[in-house]
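In what follows, a single structure is set out as structure tokens and then discussed.
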Amino acid sequence: MSSPSVISFVAALTLVMLAVLGKVLPGWCVFLLVTAFAKGLAALGLVLIIRSGLLSFGQGLFYCAGGYGAGLLMLWGGVNDAMLLVLAGGFVSLVLGAVIAPLLAGYRSIFFATLTLALSMLAHGALTKADFLGGSDGLNLRPPSFLGFQPASSAEAVYSLYLFACVLVVACALACKVHFNSVRGLLSLAVRDNEIRVEYLGSSVKRVISENFTAAAFLGGIGGALNAIAVAHIDPELAFWTTSGEFVFVAILSGYLSVSAVFAASIMLEFIRSFSSQYFPNAWQMSLGIFMLASILFLPNGIGGLLQRRKKRLEGSKIA
Amino acid sequence: MTAILEVKQVNKSFGSVTAAHDINVSVKQSERLGLIGTNGAGKTTFVNIVTGYVKPDSGTILLQDRDITGHAPRSLTREGVCRSFQVPQLFLTLTTAQNLAVALGIANGRAYSPYATIDAEMEQAIDNLLERFRLADYREQIISELPGGVRKLIDIAVAVTRKPKILLLDEPTSGVAAEQKFALMDIVMSALDNDVTVLFVEHDMDIVSRYAQRVLAFYDGRIIADDVPKAVLENEIVRTHITGTAG
Amino acid sequence: MQLVTTILIDGLIDASWIFIVAVGLTLIFGVLNILNIAHGNFYAIGAYVAANAVGMYYSGSNPPMLGLLAMTGAALAAAIVLGPLLERGLLRFFYHRDEIVLVLVTYALFLILEDATKLIWGVNPYYAYEPYGLFGNINIGRMNYVGYDLFLVGLAVVIGIVLWLGLNRTKSGKVVLAVIHDREMSSAAGVNVTKIFIVAFTIGVFLAALGGAFTAPKISVQPGLAVMVVLLSFAVVVIGGLGSIEGAAIASLIVGLARALAIHLAPWAELFIVYLVMAVMLAVRPQGIFAPTALRKI
Chain A
100 MSSPSVISFV AALTLVMLAV LGKVLPGWCV FLLVTAFAKG LAALGLVLII RSGLLSFGQG
160 LFYCAGGYGA GLLMLWGGVN DAMLLVLAGG FVSLVLGAVI APLLAGYRSI FFATLTLALS
220 MLAHGALTKA DFLGGSDGLN LRPPSFLGFQ PASSAEAVYS LYLFACVLVV ACALACKVHF
280 NSVRGLLSLA VRDNEIRVEY LGSSVKRVIS ENFTAAAFLG GIGGALNAIA VAHIDPELAF
340 WTTSGEFVFV AILSGYLSVS AVFAASIMLE FIRSFSSQYF PNAWQMSLGI FMLASILFLP
400 NGIGGLLQRR KKRLEGSKIA
Chain B
53 MTAILEVKQV NKSFGSVTAA HDINVSVKQS ERLGLIGTNG AGKTTFVNIV TGYVKPDSGT
113 ILLQDRDITG HAPRSLTREG VCRSFQVPQL FLTLTTAQNL AVALGIANGR AYSPYATIDA
173 EMEQAIDNLL ERFRLADYRE QIISELPGGV RKLIDIAVAV TRKPKILLLD EPTSGVAAEQ
233 KFALMDIVMS ALDNDVTVLF VEHDMDIVSR YAQRVLAFYD GRIIADDVPK AVLENEIVRT
293 HITGTAG
Chain C
3 MQLVTTILID GLIDASWIFI VAVGLTLIFG VLNILNIAHG NFYAIGAYVA ANAVGMYYSG
63 SNPPMLGLLA MTGAALAAAI VLGPLLERGL LRFFYHRDEI VLVLVTYALF LILEDATKLI
123 WGVNPYYAYE PYGLFGNINI GRMNYVGYDL FLVGLAVVIG IVLWLGLNRT KSGKVVLAVI
183 HDREMSSAAG VNVTKIFIVA FTIGVFLAAL GGAFTAPKIS VQPGLAVMVV LLSFAVVVIG
243 GLGSIEGAAI ASLIVGLARA LAIHLAPWAE LFIVYLVMAV MLAVRPQGIF APTALRKI
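The following block contains the structure:
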């Protein structure tokens with residue numbers, strides 16, 4: 100099994116490798132990875148919800164709240180530090196999530212999905228009408244600084260942003276990975292499998308769902324804030340249902356078994372998007388749809404299931 | 053000795069069907085009760101009412117003289133009223149060990165810390181339970197791949213993790229091959245501590261005679277007989293309506 | 003008083019086309035247990051084919067009233083092609099999977115059809131205004147209404163009644179209700195579930211396409227229709243209770259009136275009033291207005 104020290108070592112190694120990779124890859128590619136990481140963080144939150152058996156079609160709400168939280172702190176509060184901005188974005192979404200979670204925790208399946216969708220669309224509608232927040236055009240942000248370091252060139256800015264994103268991603272992935280292996284992680288799966296038994300063991304299903312939803316909101320907020328400082332722009336589209344749809348896509352493609360698969364799937368989505376929009380701009384949604392169908396059909400447990408099968412085979416061959 | 057569980061004047065109907073009619077039962081600690089009756093006679097409703105799955109229309113339920121009427125399953129479980137199910141309620145995609153880990157984790161609080169893993173002490177507790185219920189062979193198997201009889205046992209083992217004062221077993225031997233029913237009941241009864249009060253729903257009168265000290269016979273939502281097994285099974289009304297041995 | 007009447011009638015007109023589309027969604031959910039995200043695409047496709055049909059029909063010297071038949075025919079043709087094709091060719095491969103997987107399959111289908119529509123009809127708007135003048139103008143009180151809008155209200159009522167009678171008063175309708183109630187039992191009792199699935203899905207597609215076809219004369223038919231419509235029908239179906247025709251009717255009225263209220267009294271709220279209503283209704287009645295609450299047997 101993966102012990103905490105092994106996981107930490109792998110995490111440190113991953114971080115070093117990512118840092119080197121960022122030096123090698125072309126600039127557009129590095130930037131694409133940053134946006135993929137931002138989306139991956141939000142999708143990772145969605146995976147937490149999926150593990151307790153629910154699908155949210157409104158994860159974009161927290162992505163949006165995180166983006167606006169960070170953006171407004173920069174514009175109104177004069178804060179430029181990336182870490183502070185991201186934490187603020189995460190905090191705003193965390194509070195929002197904690198308020199909404201108990202209201203949502205009584206709903207299941209399609210009702211949960213549609214209600215999360217409705218809340219997200221409410222925020223989208225309200226933001227487009229809120230002129231002091233830029234209305235439907237949104238707001239432009241300034242370039243961020245990193246712990247007092249202000250990048251001079253644009254290449255430097257992209258790489259600093261990338262390094263910062265890598266640290267965030269590895270930290271969050273590490274936290275989630277350890278959590279997935281914990282008893283509490285199993286309890287989420289238990290809620291998904293059989294709520295009646297969980298209640299008859301003396302635990303509260305609503306509490307489990309609320310906690311997962313709130314943690315998911317926090318991850319969504321961090322992702323949204325990272326995205327906001329990366330593209331230096333926030334607008335209501337972040338809460339539109341198509342944004343949430345992308346998180347659903349990533350979560351389904353990755354499956355709920357592996358953390359790294361979430362980021363692999365997110366990177367894959369960003370590459371499909373940039374590739375298709377370049378070569379067949381009018382059919383990129385179509386390629387996404389076909390890709391999604393194929394992965395539901397051929398990878399029922401997502402990329403994570405594939406990774407796990409491979410790992411099992413390797414372990415099996417070791418014994419043999 | 054005072055009663056651990058008292059059910060007083062409990063009524064429950066679903067639409068026009070009366071599932072419980074003036075039910076009065078007093079159970080002493082460590083008593084073993086068999087609940088018999090045809091399908092729809094009100095046995096499962098009785099179990100469901102005592103464990104909080106359905107609320108009675110009227111009446112009171114006392115646990116060690118405290119009123120627990122209408123309490124939710126969650127709080128009843130915490131107070132020591134636990135149950136197994138006619139259809140085992142388990143976490144189908146998890147292994148036997150993981151099912152027990154969740155159960156134990158809820159009981160000891162480890163399931164509430166986001167990063168607490170299954171430690172050596174928990175592993176030990178899981179092994180003990182598996183040993184007591186003769187389930188060690190199924191430790192790493194996923195529930196959905198296990199046969200019904202094994203699931204029945206796991207369902208009971210999971211319920212026992214809460215160290216119940218009262219354990220209600222809803223048809224523990226249904227769906228188990230006739231020749232294995234006694235073996236299963238032997239395992240269950242020897243795995244339980246002697247001071248646990250056990251109420252079990254059962255159709256097989258041989259099982260009831262062997263494992264119950266007292267029998268409640270249900271018919272049409274009423275308790276028509278409440279006595280030692282021999283007396284109940286020889287009761288004329290019971291023989292007419294339940295065992296079909298009147299003659 | 004004038005304003006109240008206006009809001010009521012505008013709401014009623016809005017509710018009528020929403021009902022036609024949403025009742026198709028609720029039918030598909032009731033019978034096949036699929037929450038079809040691609041439902042809005044069938045609406046959009048219906049609008050496009052109707053716009054084409056109207057264009058062709060009115061370029062000749064045909065009797066104007068029969069243009070309505072051309073629109074219906076176009077919607078029917080679209081449904082007969084798409085319904086069986088998608089149910090047999092795609093959806094049935096996922097019936098044994100989780101219901102949430104089926105939602106995602108229809109989401110993928112939504113993405114595919116969204117672009118397919120653009121590839122076929124392009125991104126420029128189509129207009130099919132000719133039928134809009136067919137019924138002239140009608141005065142109610144001091145207000146002037148377009149006859150076609152009131153005709154839509156009548157159409158919605160007829161569709162609702164026909165569907166309800168078809169399900170509750172005919173033999174095959176009762177078989178469908180049996181399938182809705184218990185799929186496995188009906189299958190065991192010799193009901194041809196496959197056939198019922200194909201027919202119900204196709205009727206659902208037809209209703210969406212019909213809704214699109216008959217709104218085409220009122221709007222400019224262009225990309226983006228599907229999203230708006232599917233979100234509206236979702237709201238209706240969730241408010242009314244999944245799988246309930248009566249619920250869909252009442253929920254359509256609620257949604258239509260809420261939209262009319264917003265447009266007249268608080269235009270800034272038009273974009274999200276529907277979601278607000280949906281959130282409030284769900285908070286009050288989590289299962290929708292007309293859905294039974296069942297206790298799981300343990």
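Protein chains in written order, with this note's numbering: chain A, 100 to 419; chain B, 53 to 299; chain C, 3 to 300. Just so it is clear, CB atoms sit at the ideal spot from N, CA and C, and this is done for glycine as well.
For residue 110(B), the number of other beta carbons within 10 angstroms of its own is below 16, and it is reported as exposed. Residue nearest to residue 54(B) within the set 104(B), 115(B), 62(B), 72(B) is 115(B) (criterion: CA-CA distance).
Judged by DSSP in its simplified three-state form, residue 73(B) adopts strand. Close partners of residue 262(C) in chain A (Cβ separation under 8 Å) are lacking, with about 17 Å as the shortest Cβ gap. Annotation: residue 234(A) to residue 141(B) spans about 51 Å, alpha carbon to alpha carbon. Contact between residue 18(C) and residue 157(C) holds: their C-beta atoms lie close to 7 Å from each other, under 8 Å. If you look at residue 252(B), you'll find it in the beta strand (DSSP E) that goes 249-253.
For chain A, none of the residues of the segment 78-89 of chain C brings a beta carbon within less than 7 Å of one of its beta carbons. Within the segment 255-284 of chain A, 274, 277, 278, 280, 281, 282, 283, 284 place their CB atoms closer than 9 Å to a CB of chain B, listed in sequence order. Residue range 159-176 is occupied by the alpha helix (DSSP H) that includes residue 170(A). For the segment 25-95 of chain C, the full-length alpha helix (DSSP H) segments reaching 4 residues or more read 41-61, 69-91 along the chain. Residue 248(C) sits in a helix when the DSSP states are folded into three classes. In the DSSP assignment, residue 63(B) is bridged to 110(B). When 7 Å is used as the limit between beta carbons, residue 381(A) is near these residues of chain C: 117, 120, 121, in chain order. With a cut-off of 8 Å on Cβ pairs, the segment 28-38 of chain C is in contact with the segment 190-208 of chain C, counting three or more such pairs. Among the residues of the segment 211-222 of chain A, those with a Cβ less than 8 Å away from any Cβ of chain C are 212, 213, 214, 216, 217, 218, 220, 221, in the order of the chain.
With contact defined as three or more Cβ pairs closer than 8 Å, the segment 355-363 of chain A and the segment 190-210 of chain A are not in contact. Between residue 59(C) and residue 72(C) a beta carbon distance of about 4 Å is seen, short of the 8 Å cut, so the two are scored as contacting.
Between the alpha carbons of residue 15(C) and residue 54(C) lies a distance of about 24 Å. Residue 225(A) reaches chain C at 274, counting residues in chain order whose Cβ is nearer than 7 Å.
Uninterrupted beta strand (DSSP E) stretches at least 3 residues long and entirely within the segment 376-411 of chain A do not occur. Below 8 Å, enough C-beta pairs join the segment 63-77 of chain C and the segment 125-138 of chain C to call them touching: three or more.
For the pair of segments examined, the segment 40-47 of chain C was found not to touch the segment 270-283 of chain C: the number of CB pairs separated by less than 8 Å stays below three.
Under the DSSP assignment, residue 86(B) falls in the beta strand (DSSP E) whose first and last residues are 84-88.
As a beta-bridge residue in DSSP terms, residue 332(A) pairs with 239(A). Legend: CB atoms of the segment 227-240 of chain C lying less than 8 Å from CB atoms of chain A belong to residues 229, 233, 236, 237, 240.
Of the other Cβ atoms in all chains shown, 16 or more fall within 10 Å of the Cβ of residue 383(A); this residue is therefore buried. The three-state reading of DSSP puts residue 164(B) in helix, counting H, G and I together. Excluding residues up to 5 positions away in sequence, 141, 144, 158, 161, 162, 165, 192 lie with their Cβ nearer than 7 Å to the Cβ of residue 319(A) in the same chain. Residue 292(A) and residue 182(B) do not touch by the CB rule: their CB atoms are close to 20 Å apart, not below 8 Å. Chain-ordered listing is empty here: chain A has no CB closer than 7 Å to the CB of residue 121(B), the nearest sitting near 18 Å.
One alpha carbon belongs to residue 218(B), the other to residue 265(B), and they sit about 15 Å apart. Looking at 82(B), 285(B), 119(B), 95(B), the one whose alpha-carbon comes closest to that of residue 70(B) is 95(B). For a Cβ distance threshold of 9 Å, residue set 105, 125, 137, 141 of chain B lies close to residue 295(A), ordered along the chain. Around the beta carbon of residue 150(B), 16 or more other beta carbons sit within 10 angstroms, so the residue counts as buried. In this structure, the alpha-carbon of residue 274(B) lies about 6 Å from that of residue 72(B).
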